[in-house]
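Each remark here refers to the structure printed beneath this line.
Numbering (the numbering used here), first residue to last: 17 to 310.
Next up, the structure:
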């Protein structure tokens, strides 16, 4: 992926890992490291030098809804789809090669979002041309007709009675807001496995390989995006005739928050500055349209 293109798409310097604010997005994906990962530094950064030769790592994919009020129980999720894409900064921390598979090697949907008939974990596909394996599809899909087989498609398990309201409409309600942000509720959608084979770690101490959740047709010059997330926000009718909201990207520049594999740590300050620029505005800035669920 062209980093200059990313800089143009992101367009602002924001420190890595800042939470989504209400002014930025009503819905956003958040990708983060599980704390048990070898080499774990924080939820957004992992040092391969400190990983002790480990070859597999686990990411968590979360969906967040940010409302205006302080009641998490009137926010909810129904359906969505997304891809996981890599990009290399300073030539990358993970080196791709045709003799091995490095990058995303598996996705497992969490049970609450693994409806047996409507959900699909997706599959591997090259999305960024950097020899690091991605997962998903750049094909537009809005929930009608066959979905691209590689696309991560999550749908609340509506076979579970707890996730249906009084009218039989599927939704999973929030239970508690996230620490430090009483307006935002989140749900874990899936776990993502990253494989870093022996010999694939760069010797460039400034190298960073970044993985981020993206909508269709990212980056900016590759066409109109068309992925959809259906969620509920501040909806007092969440237990009855609710009105869902669809999020669709209009400019193909709406990734979620990324995670970073670092060659070493600490990363030089100049590299941090570049990384912050690339990660800036890493939230789902989307248009909204309302529809009444039937």
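Cβ coordinates follow ideal geometry from the N, Cα and C atoms, glycine included. Note that the coordinates shown come from a computational prediction; the quantities given were computed from them, not determined experimentally.
DSSP three-state assignment for residue i, whether helix, strand or coil
i, result
"residue 225", "strand"
"residue 137", "coil"
"residue 118", "coil"
"residue 169", "strand"
"residue 88", "helix"
"residue 130", "strand"
"residue 160", "coil"
"residue 274", "coil"
"residue 177", "helix"
"residue 124", "strand"
"residue 186", "strand"
"residue 260", "strand"
"residue 254", "coil"
"residue 146", "coil"
"residue 289", "Low confidence applies here, because residue 289 scores a pLDDT of 40, under 50, leaving its location unreliable; read the following figure in that light. Of the three classes helix, strand and coil, the one that applies to residue 289 here is helix, per DSSP."
"residue 220", "coil"
"residue 111", "coil"
"residue 281", "coil"
Close-in-space but distant-in-sequence residues of the same chain around residue i (CB under 6 Å, 5 per side omitted)
i, result
"residue 147", "112"
"residue 93", "79, 188, 203, 247"
"residue 217", "64"
"residue 95", "171, 246"
"residue 121", "209, 211"
"residue 67", "54, 55"
Boundaries (first-last residue) of the beta strand (DSSP E) holding residue i
i, result
"residue 78", "72 to 82"
"residue 56", "56 to 58"
"residue 102", "92 to 105"
"residue 61", "61 to 63"
"residue 46", "43 to 49"
"residue 244", "244 to 248"
"residue 206", "200 to 211"
Close Cβ partners of residue i (< 8 Å) along its chain, the five nearest in sequence each way excluded
i, result
"residue 89", "189, 190, 191, 254"
"residue 52", "74"
"residue 87", "250"
"residue 47", "75, 76, 77, 78, 100, 208, 227, 228, 229, 272, 273, 274, 275"
"residue 166", "99, 138, 139, 140, 141, 151, 152, 153"
"residue 194", "35, 80, 200, 201, 202"
Residue i versus residue j: straight-line alpha-carbon distance, rounded
i, j, result
"residue 109", "residue 72", "14 Å"
"residue 126", "residue 228", "19 Å"
"residue 102", "residue 58", "19 Å"
"residue 225", "residue 139", "20 Å"
"residue 149", "residue 170", "21 Å"
"residue 85", "residue 262", "20 Å"
"residue 69", "residue 119", "16 Å"
"residue 54", "residue 208", "15 Å"
"residue 252", "residue 176", "22 Å"
"residue 61", "residue 135", "29 Å"
"residue 132", "residue 161", "17 Å"
"residue 97", "residue 129", "11 Å"
"residue 91", "residue 276", "30 Å"
"residue 123", "residue 258", "31 Å"
"residue 50", "residue 206", "12 Å"
"residue 114", "residue 173", "38 Å"
"residue 104", "residue 45", "20 Å"
"residue 223", "residue 180", "46 Å"
"residue 239", "residue 215", "Here the model assigns residue 239 a pLDDT of 46, short of 50, so the residue's position is not dependable, and the following value carries that caveat. Each residue's alpha carbon lies about 36 Å from the other."
"residue 145", "residue 117", "14 Å"
"residue 244", "residue 178", "24 Å"
Sequence-distant residues of its chain with Cβ nearer than 7 Å to residue i (five each side left out)
i, result
"residue 65", "279, 280, 281"
"residue 182", "255, 256"
"residue 143", "99, 101, 150, 152, 154"
"residue 164", "153, 155, 157"
"residue 220", "106, 107, 279"
8 Å contact criterion, which residue i and residue j should meet: CB distance rounded
i, j, result
"residue 246", "residue 260", "5 Å"
"residue 168", "residue 137", "6 Å"
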